[in-house]
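Number of protein chains: 2
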Amino acid sequence: MPKNVDIKRAKILDVAKKRFAHFGMAKTTMAEIAKDLSFSKALLYYYFPDKHSLYTAVMEHVINDMMQKVENYLTTITTVEKAVIFMIETRMDTFRENYNLFEYSSSLFMQNPSEMYKNLGPFFEKERDQYCRILRIGIQNGEVIDEQVDESAELLLFGLMGMRAGVLSKGVNSFLFPSPNDFDRILSKQKRLAHIFLRGLRP
Amino acid sequence: MPKNVDIKRAKILDVAKKRFAHFGMAKTTMAEIAKDLSFSKALLYYYFPDKHSLYTAVMEHVINDMMQKVENYLTTITTVEKAVIFMIETRMDTFRENYNLFEYSSSLFMQNPSEMYKNLGPFFEKERDQYCRILRIGIQNGEVIDEQVDESAELLLFGLMGMRAGVLSKGVNSFLFPSPNDFDRILSKQKRLAHIFLRGLRP
DNA sequence: ATATTGACTATTTCTTTTTAAAGTTCAAAG
DNA sequence: CTTTGAACTTTAAAAAGAAATAGTCAATAT
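Chains W and D supply the protein sequences, listed in that same order. Just so we're aligned, residue 1 is where the first sequence starts under the numbering used here, counting upward by one. Just so we're aligned, residue 1001 is where the second sequence starts under the numbering used here, counting upward by one.
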């Protein structure tokens, strides 16, 4: 059974997630989160050392959910391409739904990419590992032949990220508020890239 | 024969390029450029409407040189992959040699990507067109089969850009001062991506 | 011992003001 | 048509002050 402490932590994470996803990290104050839970600000610091840790914990939670979703799908895998597409779509959904949550990390990227990497780094690594797994499954299936799976997975990840950067750099103001249209364009480019990429790994 | 005006414009461009490439756009003043040429600041404004136009003109010049280099190479083309690699390398060389020149455009990207697009947009489009040409040659050679060349060229361009973003986001401070090491890592990843990508376009 | 708080302090962020520097214009001269 | 010195305007950096918010801690309650 979960300890009392864990339950409270979970409650805090839940409320914080809502605030962060709605208003973003910067425009959410610790006082507000405390008020939502109707207890004191100081108590937040009893459960989380600082705001940044709270944010990171929320991120981790969201990302783990996403990874779990993909993980489950992988058990019913049919083709490598379908797996990759599922992953891209799941990722995009997560991004769409929690845009303001990620926005903070993205804005860090603007100022200092390496600072951002401390936030999103573990995220990227999990994603890369996920792609690794998918590729390995493909190798077993005989769909894919690849000597450097880790490297290829990273290539794919970076390439897909490039679609995002490329599309967003074109639109006016789109970096601040990616329109649904932007999301669609990114997604479709990502799918096409994935298709070509996987084709390039065929035996 | 070139007109006198053109010669002077070229001289200004030359001096401005040196300053921009060395100290960057922001830390170069019109007064300094004028002084280098030992004529008055006001005269610069006789040849160029404003500083930004001068910067853009320099960029265009550098980019055109680069494009020309690739253009020449394409006449001696052997395989599509070699052409792409030549292009990637030429691009990287240009970037390395004129880093501070591009830095201004990159910094615009940090603040407002769409603003940057006004600077680098034409650049990207030329690059994309170049990739288009290469792919079309590949189609004629029978190396490549592709229904949507324009789209594929953009995919490749964005994908390669992703290698850059991906590598740079990892290193500490690397965005401000990409180390030679960073350049090498980007280049090698770009080459590998290009290889897989082109393989994916084979008949 | 663990959980909780109010009151306090320390930082960060935002605004405003100021000042210097750099971009830009223009009438006049070569 | 070119070129310039001097004046003008705009931008950018620095300083200062105020407000908001992150973070601490001794005291209290369970």
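Every residue gets a Cβ at the ideal spot worked out from N, C-alpha and C, and that includes glycine.
Annotation: D/K1082 to D/L1198 spans about 11 Å, alpha carbon to alpha carbon.
Excluding residues up to 5 positions away in sequence, M59, I63 lie with their Cβ nearer than 8 Å to the Cβ of W/F123 in the same chain. DSSP, read as helix, strand or coil, puts D/A1057 in helix.
Contact annotation: in the stretch 65-96 of chain W, no residue has its CB less than 8 Å from a CB in chain D.
Here W/I145 is not near W/L74, since their CB atoms are 9 Å or more apart. Counting only the Cα atoms, W/S169 lies some 30 Å from W/I134. In the three-state DSSP reduction, W/G166 falls in the helix class (H, G or I). DSSP places D/F1048 in the coil class of the three-state scheme, outside both helix and strand. Of the residues D/N1004, D/Y1131, D/Y1099, the one whose Cα lies closest to the Cα of D/R1019 is D/Y1099. Look at D/N1098 here: in three-state DSSP terms it is coil, with no helix or strand label. In the same chain as W/D65, and ignoring 5 residues on each side of it, no C-beta atom comes closer than 7 Å to its own. The residue from D/V1005, D/R1096, D/K1027 with its alpha-carbon nearest to that of D/L1043 is D/V1005.
In the structure shown, D/M1030 falls within a helical segment according to DSSP collapsed to helix, strand and coil.
Pairing W/R192 with D/E1151 gives a Cβ-Cβ distance under 9 Å. One thing to note: D/Y1104 has its Cβ within 9 Å of the Cβ of D/M1025. Contact with chain D is absent for W/Y104, since none of that chain's Cβ atoms lies less than 9 Å from the residue's Cβ. By the 16-neighbour rule on beta-carbons within 10 angstroms, W/G138 is buried. Take the alpha-carbon of D/A1016 and the one of D/K1035: they are about 11 Å apart. Taking 4 residues as the shortest admissible run, the stretch 111-153 of chain W contains the following complete alpha helix (DSSP H) segments, listed from N- to C-terminal end: 113-141.
For the options W/K41, W/L54, W/D93, the alpha carbon positioned closest to that of W/A10 is the one of W/L54. In this structure, DSSP gives W/T76 a state outside helix and strand, which the three-state scheme calls coil. Within the same chain, C1132, L1135, R1136, I1139 come within 8 Å of D/V1149 by CB-CB distance, once the 5 residues on both sides are set aside. Neighbours of W/F197 in chain D, taken as residues whose beta carbon is under 7 Å from its own, are I1196, F1197, G1200 in chain order. D/F1039 sits in coil when the DSSP states are folded into three classes, being neither helix nor strand.
Classified as exposed, D/F1177 has fewer than 16 neighbouring CB atoms from the shown chains inside 10 Å of its CB. Annotation: the continuous alpha helix (DSSP H) that includes W/L198 extends over 180-199. Between D/F1095 and W/G159, the C-beta spacing is not below 9 Å.
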